[in-house]
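Residue numbers for the sequence shown, in this note's numbering: 1 to 298. A virtual CB, placed ideally from N, CA and C, is assigned to each residue, including glycine. On a predicted model such as this, the values are computed, not experimentally measured, just so you know. Since the structure comes first, as structure tokens, the remarks are kept for the end.
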Amino acid sequence: MTTAERRERWCGALDPSAFARWVADRSAGCGAHLVPVVRVGRCPDGHLAAEVLRPAVRPLGEALDVLGAPTEGVAVTLTVPLLQVAVRARAGAVEVGTVPQDGVGVDESGAVLVADVPPGAVPIHADGACAADLPRQDTCATGPRSDRTCTEPGRQPVRAPLRDDPDGPRQLVLAARMVWDRVDARAPARRALDPVLDAAKDGDAALVAEALDLVTAAAPPRPVRWTRPVSDLFDGRPAGLPPRDPAPGDVGVLLVRSVRDVVERGIPLGAARRLPLRHAVVGVVLAGGLATAATSVL
1 MTTAERRERW CGALDPSAFA RWVADRSAGC GAHLVPVVRV GRCPDGHLAA
51 EVLRPAVRPL GEALDVLGAP TEGVAVTLTV PLLQVAVRAR AGAVEVGTVP
101 QDGVGVDESG AVLVADVPPG AVPIHADGAC AADLPRQDTC ATGPRSDRTC
151 TEPGRQPVRA PLRDDPDGPR QLVLAARMVW DRVDARAPAR RALDPVLDAA
201 KDGDAALVAE ALDLVTAAAP PRPVRWTRPV SDLFDGRPAG LPPRDPAPGD
251 VGVLLVRSVR DVVERGIPLG AARRLPLRHA VVGVVLAGGL ATAATSVL
């Protein structure tokens, strides 16, 4: 299932310094595989805030289900960007936050996108207020994220809720390993690559870079090609010509509009289905070939 494009707003109330580094990296343009920051401002409490664009993607697990067993070339295409970001993050060149389960996705062009949760940030509600159930930065202790508490006059300490594994680079390496786990186990590259990916999960930038070099040398990158299920051959767009009719007797305009409608939207089949012209042409070619073969045999 492809997620819809959406925008998320975050406020750096928990750790303003980490959030500011994250915003600086994304605003400066950190590559095509990390979600961008489209607007920067301040929340009502005065903390730095940012709006992030999350494009429409298929979560990585669902994308692999559609692809089945990817070839080594497709696995290279999917995992090289993940490991490149992980190397930069381990080296301190880019700030990467928590990567949730649906944080790694593949868009319709086959490009990998990483949507991490900004470090030190809380979500901003639709009314512009920060998440009320999280502690305020100016009254919170500076302990580890999982142990951070908040005390306000006349109130009991409030503990910030636990999140996913905060080690974003580790999650990216795990995502790369998940892709290679789907590749045929008999592939020659897996014998050398699997142990290196396992070591890179908690390793430094050098270990992740070694895994990246092995992935790059495994095979030439190949594009991701989506296959359409049979149920998707027909779409639910209503059949019929455009609502604006040509002038009476203008046969040329009517013919052009009819041809354009068939080419762009498919051949009408009933009131609510259309068969894409491409599939119809392929069917006609196959039928003609089968008929020719049958007559030649006879």
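Look at the alpha carbon of residue i and the alpha carbon of residue j, and state the distance between them as a whole number of angstroms.
i, j, result
"G73", "G97", "28 Å"
"V259", "V251", "12 Å"
"V37", "P118", "11 Å"
"A189", "A218", "6 Å"
"A4", "R186", "37 Å"
"Q84", "E51", "24 Å"
"R6", "R42", "20 Å"
"A24", "P123", "18 Å"
"R58", "D107", "6 Å"
"A13", "V94", "20 Å"
"A121", "D204", "25 Å"
"T149", "A63", "The pLDDT assigned to T149 is 40, lower than 50, so where the model puts this residue is not dependable, and the model offers no usable value."
"P221", "A272", "40 Å"
"T295", "V284", "16 Å"
"G31", "T71", "25 Å"
Does DSSP classify residue i as helix, strand or coil?
i, result
"W226", "coil"
"A303", "Within the shown structure, residues of the chain are numbered from 1 to 298, placing residue 303 beyond reach of any answer."
"T71", "coil"
"E210", "helix"
"V38", "strand"
"P276", "coil"
"V183", "coil"
"L298", "coil"
"P188", "helix"
"G203", "coil"
"T3", "coil"
"L14", "coil"
"E108", "coil"
"G81", "Residue identity differs from the one stated: residue 81 is Pro in this sequence, not Gly. In the structure shown, P81 sits in a helix (DSSP, three-state: H, G or I)."
"P195", "helix"
Quick check: does the Cβ of residue i come within less than 7 Å of any heavy atom belonging to the ligand SAM?
i, result
"R186", "Inclusion of the ligand SAM in the displayed structure is not the case, the ligand content being empty and no account of it being possible."
For residue i, count neighbouring C-beta atoms within 10 Å of its own C-beta (all shown protein chains included) and say buried if the count is 16 or more, exposed if not.
i, result
"A115", "buried"
"T79", "buried"
"P144", "Legend: pLDDT at P144 = 38, less than 50; position of this residue unreliable, value from coordinates given subsequently. When all chains shown are included, P144 counts as exposed."
"V35", "buried"
"D65", "exposed"
"D45", "exposed"
Residue i: which of the options sits nearest, CA to CA?
i, options, result
"A280", "L83, P70, I267 and G289", "I267"
"L67", "A271, V104, V224 and A185", "V224"
"L82", "M178, V282 and V297", "M178"
"D202", "R257, R191, D167 and D213", "D167"
"R39", "R26, A69 and A211", "R26"
"W180", "L60, V282 and A291", "L60"
Assuming contact is defined by CB atoms lying nearer than 8 Å, are residue i and residue j in contact in what I supplied?
i, j, result
"R21", "V208", "no"
"H47", "V112", "no"
"T77", "G110", "yes"
"A175", "L197", "no"
"V263", "L277", "yes"
"V173", "A200", "yes"
"V192", "L214", "According to the sequence displayed, residue 192 carries Ala and not Val. For A192 and L214, yes; Cβs fall inside 8 Å."
"R9", "A49", "yes"
"A75", "V183", "yes"
Between residue i and chain D, is the shortest Cβ-Cβ distance under 8 Å, so that the two count as touching?
i, result
"I267", "Among the chains of the structure shown, chain D does not appear; only one protein chain is present."
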